[in-house]
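Here the sequence shown stands for residues 191 to 579, numbered as in this note's numbering.
Input: a single structure, listed below in structure tokens.
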Amino acid sequence: MKHVYDYMIVGGGLAGASAVEGIRELDAAGSILLSGEESHLPYDRPPLSKKLWFGKQKVEDIFLHDRAFYDTHAVTLAMGTTAAQLDSGKKTITTANGETYGYGKLLLATGCKARTLDIPGSDLEGICYFRNLDDYLRTRGVAAEGKSAVVIGGGFIGSELVAALNINKLHVTMIFPGALLCDRVLPDYLGRAMQQRYQEKGVRILAGDKPVSFSRNGTQFITRTGKGETIASDIVIVGVGVIPEMELAKSGGLEVGNGIVVNEYLETSRPDIYAAGDNAFFPYRALGQSMRIEHWDNALNQGKWAGRNMAGAHEPYTYQPYFFSDLFEFGYEATGEVDAKMETYADWQKENDTGVIYYLRDGKVRGVMMCNVWDKVETARELIKNGGR
Ligand SMILES: Cc1cc2nc3c(=O)[nH]c(=O)nc-3n(C[C@H](O)[C@H](O)[C@H](O)COP(=O)(O)OP(=O)(O)OC[C@H]3O[C@@H](n4cnc5c(N)ncnc54)[C@H](O)[C@@H]3O)c2cc1C
């Protein structure tokens, strides 16, 4: 065995880095190993589809901490290291290159991986299933003004990237199976207004369609769709959702479902193993149900909470996270259960697309989306917590 650490964190993303902070709040001395598959230090993902494209942030500014932070906090880093096997009985992790580490407490902060398509040509080199910094760097390298791009997927990642490419003066075609973009979250009237805005900006939208094959013609990709369209482009980006990364958890016999199942202390079904962030299926106290959340604020806080609990805090996760997105001039913050299938009530100013949408179940507010309205998340949290009508 290479070494035994008091705390081992697998996954060098937001939840993993936050866990370091949580541990160190309570335990200044315990040894920590932070290991991550990506070769980069932990960084923020939201800028990959937003600020980095608008010149509002530089790549060197997206890292959560610099190397000195990890040195100061006595954290051993193993970046570029994939954890391949968990033995929850012997309390060891074996990496893809065959090294075995022991742990006292283990955090699985392995996030999600991009969902891939299963159609002819879907694994062609250059087709980008956008998720990480390397995907951004590769795409950015080819996304010059005047080039053409096909973006598959009408959710937030797809919609944000379409806006980013359009603002950078690429010719963009967007393909998604639904009738309207972001239709899992936005009510119809807002989705329609958003779609119109995209079209006015020059984005070609193929709604209600999907790719059936990809191929290459010289340097270009050829995308064929179910409705018979053939589109040549320099770039193909796919953003069709994500899947929780649970292989390691399964190898250790942990309970998994729609994510790694944890209790309110973020403990998994096996002793001394915790999970946090995009991969954790946890009891969401304010909503009274278990769920998995794929958003920044949840990963940030859950990671920290898990770290504190690993160091002995034993505090239930009661935090109510918010999430956010920016689509051209339209930005929002939201909290709670935000699902377009729910009944909604909008307090809306049409002339400037500003307002608040309330998502209701049985007449009670379960989610709130604040569109171009800022600093009201706390009020929204209270409303949901108190079962506001
Ligand atoms: C392009 C993009 C834009 C986004 N924009 C927004 C936004 O505007 N608003 C918002 O609220 N949220 C946004 N998100 C979501 C947010 O970034 C995530 O919720 C957050 O990153 C989750 O953090 P995490 O630590 O759980 O997982 P991740 O950040 O995915 O980190 C997990 C890490 O674990 C590593 N890993 C996985 N398996 C292993 C293994 N076996 N061994 C070692 N390492 C492993 C992965 O490589 C990865 O580096 C965005 C995400 C993306 C991709």
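The C-beta atom is built at its ideal place from N, Cα and C for all residues, glycine as well.
In summary, arginine 579 is exposed, with fewer than 16 beta-carbon neighbours lying within 10 Å of its beta-carbon over all protein chains present.
Counting C-beta pairs with one atom in each stretch, the segment 512-521 and the segment 336-353 have three or more that are closer than 8 Å, which means they touch. In this structure, phenylalanine 471 has its CB at a distance of at least 8 Å from all heavy atoms of ligand 1.
Alanine 268 sits away from alanine 466, with the two beta carbons spaced by 9 Å or more. Nearest neighbour of alanine 219 by Cα position, chosen from Ala264, Gly418, Ile463 and Asp234, turns out to be Ala264. In the DSSP annotation of this structure, the continuous segment of the alpha helix (DSSP H) that includes asparagine 488 starts and ends at 486-500. If the five residues before and after asparagine 356 are omitted, its C-beta is found closer than 6 Å to the C-beta atoms of Val362, Lys391 and Val393, all from its own chain and listed in chain order. Residue side-chain check: histidine 485 places its Cβ nearer than 8 Å to a non-hydrogen atom of ligand 1. In this structure, DSSP gives valine 528 a state outside helix and strand, which the three-state scheme calls coil.
Taken from the Cβ of isoleucine 347, at least one heavy atom of ligand 1 lies inside 8 Å. For ligand 1, no non-hydrogen atom lies closer than 8 Å to the CB of cysteine 318. For tyrosine 509, no alpha helix (DSSP H) encloses it, and the DSSP letter there is neither H nor E.
Shown here, glycine 301 sits in coil according to DSSP, grouped into three states, outside any helix or strand. Residues Gly526, Glu527, Val528 and Tyr549 of the same chain have their beta carbon placed closer than 6 Å to that of glycine 557, with the five preceding and five following residues left out of the count.
Where leucine 276 is concerned, the enclosing beta strand (DSSP E) starts and stops at 273-277. Secondary structure of threonine 544 (DSSP, three-state): strand. Taking a cut-off of 8 Å on C-beta distances, the segment 482-490 does not touch the segment 322-341, as fewer than three cross pairs fall below it.
Under the Cβ criterion (8 Å, minimum of three pairs), the segment 367-380 counts as touching the segment 530-541. Burial check for tryptophan 495: the Cβ neighbour count within 10 Å reaches 16 or more, so the residue is buried. With fewer than 16 other CB atoms across the displayed protein chains lying within 10 angstroms of its CB, alanine 334 is exposed. In terms of Cα proximity to aspartate 399, the closest of Met384, Lys566 and Pro367 is Pro367. Measuring C-alpha to C-alpha distances from valine 430 to each of His504, Lys303 and Arg460 identifies Lys303 as the nearest.
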